Amino acid sequence: MEVIECSADVIVVGGGGAASRAALSARQQGAEVRLLTKTAFQQGGSTVHGASEIMSMGAAGFGVADDSPRKHFEDTMRAGRGFIDESLVSVLAEEAPHRIRDLMALGVPFDRERAGPKLIQSDFGSYARALGVRGKTGKAFVQALSQAMLQAGVCVDEHIALVDLIRDAEGAIAGVLGYHAKARKLVQYRAPSVILGTGGLHGAFELQVSTAEMTGDGQAICYRHGAELVNMEFHQLGPALIHPYVQLFSGSSFRLQPKLMNGSGREFLRDYLPPEATLDAVYEAKSFPFTTANISRFIDISMAREVAEGRGSPHGGVYFSFAHVNADALARVLPNTISWLSARGIDIAADPLEVGVVFQCMNGGVRMIDPDGQSTVPGLFVIGELAGGVRGPDRPGGNSLAEGQVFGHRSGVAAARRALAGSGKYRPSPATLDSTLGELSQLASHPKASAQLAVMASEVRRAMQQHCLVEKTGEGLCTALATMRAVQDHIAAGMGVGPDTLMDVLSVRNMAQASELVLRACLNREETRGAHYRLDHLDTDPGLAHSYTLRRGEAGPTITRLDY
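Note that our numbering has the sequence shown beginning at 1, numbered continuously upward.
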């Protein structure tokens, strides 16, 4: 397969808010920057497609005087202490207000009320400090950042899938190997600094809130290169509209107490509540995402159980009804949702809504070892949902967008400085390129029917949806793990890789391998904590209030305790 060459000071892989911020910041430092996106520019990733009634970015300093970066820091530590890096959280809280001001300067039209920005009190936050843009905040960020970076001279290469990292003889980053899906050619990008913002593992679940091209590429590739990952057992999930489009239901929507009905139209939530629990208490405590930390857990648990036992809706969910809710209350609490549904011919006050428990994002990822997003691989920076270290079992709402902006900016600055140090145009030798090309040849050496790829991808998604979303057991996790191993073994034996199938083969392989890492981490944590709900280990173990790292070993993944 033909390999064409390209070079830059900094390569950024990803098209979301964190990657866009990183590319702009690196360019502003004077670096030559290329941004690689797996899909069309501005069309992929959870930042672009995420939407909820209160989607927003948390940053202190725009609301009441009692709030402060210190309070934001304390809220985040309270939700994740023992599992997150205190130094990273401190930087996040201190610098989030500066990144908000950057976005304001770029023209992001944050919602306003009276004389200032409209502020939202997100889940796990002690003050209203989150700023949004009509429920589609991430999309507004990407649009503004994309325009700015194009004007600044960032080069954008669309439809480039990440194939592998390239490293020099000393093990430092020397660039990346990509695959141009439309030209059907491999592209070697030489660069002394690489920033990965490839997103999460959405494509591994049947129900998820983003786009299916996020198949764990960054997680799997970084793992294969020996990078350290952390907190891989923790991910966010919760109720979302699943048909005719996907949209999260944030905590505020549950104050309206929607009726939960199964496929037969029967209300079922009361069936799952302990005697001492009331519907009022359950709805009042509900936040997004799912957490076992309070009594609202029965909403997600009951929904998942109804589906698992065959009483769900046609698309794998249940039904919410707001028909009993006062029209004024609906308009006050869910104005964006009403508008979006109305545009699709749905009357929220009359029509039942098909809702499922969906995967939202990873809380764990490739470990950041400093506030610049440096990974354990020299010259490789990780940001956004790919990165780990600031998210534990639970986290405050609004932090996700803040993390992308804060660490996206810092990684862009650090990557540019690394690249421009010394000669300024250092192009390291690609010591590992030949081995990567040899591996691709091996995959192609035993042709098999590539039609099996779609079947294997479906098997991965079914296994993760059934065994690694709400309710987890050792038996179920092992069943799913066997599926991931079988898929990887099948691909390793040869899948007839060629220009037409390379991207799909590598995506399915990465999806299965990244899923395996999540499953092994879930098996290792024999307790219930946050969204990690083990039916066979229902108690939270105080002795397990710490993180685990996961790294490639000679016989497979090795798991090690990490005390932050």
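Don't be surprised by glycine CBs; every beta carbon is placed ideally from N, CA and C.
Since the structure is predicted, the reported quantities are computational estimates derived from the model, not experimental observations.
- When the Cα atoms are used, HIS315 and PRO244 turn out to be separated by approximately 10 Å.
- For CYS155, the enclosing beta strand (DSSP E) begins and ends at 155 to 157.
- ALA130 counts as buried, since no fewer than 16 other beta carbons sit within 10 angstroms of its beta carbon.
- The residue from SER400, SER296, VAL12 with its alpha-carbon nearest to that of LEU162 is VAL12.
- The Cβ neighbour count for CYS478, taken over all protein chains shown within 10 Å, is under 16; the residue is labelled exposed.
- Secondary structure at ASP489: helix, using DSSP grouped into helix, strand and coil.
- Shown here, PHE320 sits in a strand according to DSSP, grouped into three states.
- Scanning its chain for C-beta atoms nearer than 7 Å, with the 5 sequence neighbours on each side dropped, one finds around PRO289 the residues GLN236, LEU237, GLY238, GLN360, ALA531, in chain order.
- With contacts defined by Cβ atoms closer than 8 Å, ALA514 and ALA308 do not form a contacting pair.
- When rounded, the separation of the alpha-carbon atoms in ARG27 and GLU475 is 49 Å.
- Taking the C-beta atoms as reference points, SER411 is found no nearer than 8 Å to ASP351.
- A distance below 8 Å between beta-carbons, with the five flanking residues on each side excluded, links PHE268 to the following residues of its chain, in chain order: LEU260, MET261, ASN262, SER302, GLU306, ARG311, VAL318.
- Rounded to the nearest angstrom, the Cβ distance from GLY15 to GLN42 is 7 Å, consistent with a contact under 8 Å.
- By the Cβ-count criterion, ILE4 is exposed, with fewer than 16 other Cβ atoms from all chains shown falling within 10 Å of its own Cβ.
- Assignment of beta-bridge partners to TYR533 by DSSP yields GLU471.
- Here DSSP, grouped into helix, strand and coil, assigns VAL89 to helix.
- One thing to note: SER25 has its Cβ no nearer than 8 Å to the Cβ of VAL390.
- DSSP links SER56 through a beta bridge to GLY132.
- Contact check between the segment 371 to 386 and the segment 63 to 77: fewer than three CB pairs, one atom from each, fall below 8 Å, which does not count as touching.
- Cβ neighbours of PRO109 within its own chain (closer than 8 Å, five residues either side excluded): VAL133, ALA140.
- Runs of the alpha helix (DSSP H) spanning 4 or more residues and lying entirely within the segment 155 to 224 occur at 217 to 224, in chain order.
- In this structure the segment 174 to 183 does not lie against the segment 52 to 62, because fewer than three pairs of beta carbons, one per stretch, are closer than 8 Å.
- Residues ALA23, ARG27, VAL33, LEU35 of the same chain have their beta carbon placed closer than 6 Å to that of VAL154, with the five preceding and five following residues left out of the count.
- In summary, PRO192 is buried, with 16 or more beta-carbon neighbours lying within 10 Å of its beta-carbon over all protein chains present.
- Within a 10 Å sphere around the beta-carbon of ASP394 sit 16 or more other beta-carbons, which makes this residue buried.
- DSSP places GLU306 outside any beta strand (DSSP E); the residue lies instead in the alpha helix (DSSP H), whose first and last residues are 297 to 308.
- Counted as a single uninterrupted DSSP element, the alpha helix (DSSP H) harbouring LEU523 occupies residues 502 to 524.
- As DSSP reads the structure, GLN236 sits in a beta bridge with CYS361.
- The three-state secondary structure of VAL366, taken from DSSP, is strand.
- Cβ neighbours of SER68 within its own chain (closer than 7 Å, five residues either side excluded): ALA60.
- Straight across, the Cα-Cα distance linking TYR272 with PHE298 is about 7 Å.
- Under the 10 Å beta carbon count, PRO258 is surrounded by 16 or more other beta carbons and is classified as buried.
- The closest CA to that of TYR127, considering only LYS38, HIS409, GLY494, GLY398, is found on GLY398.
- HIS409 is classed as buried because its beta carbon has at least 16 other beta carbons within 10 Å across all chains shown.
- Secondary structure note for PHE381: its beta strand (DSSP E) is the uninterrupted segment 380 to 382.
- Under the criterion of beta carbons closer than 8 Å, SER253 and VAL333 qualify as touching, at roughly 7 Å.
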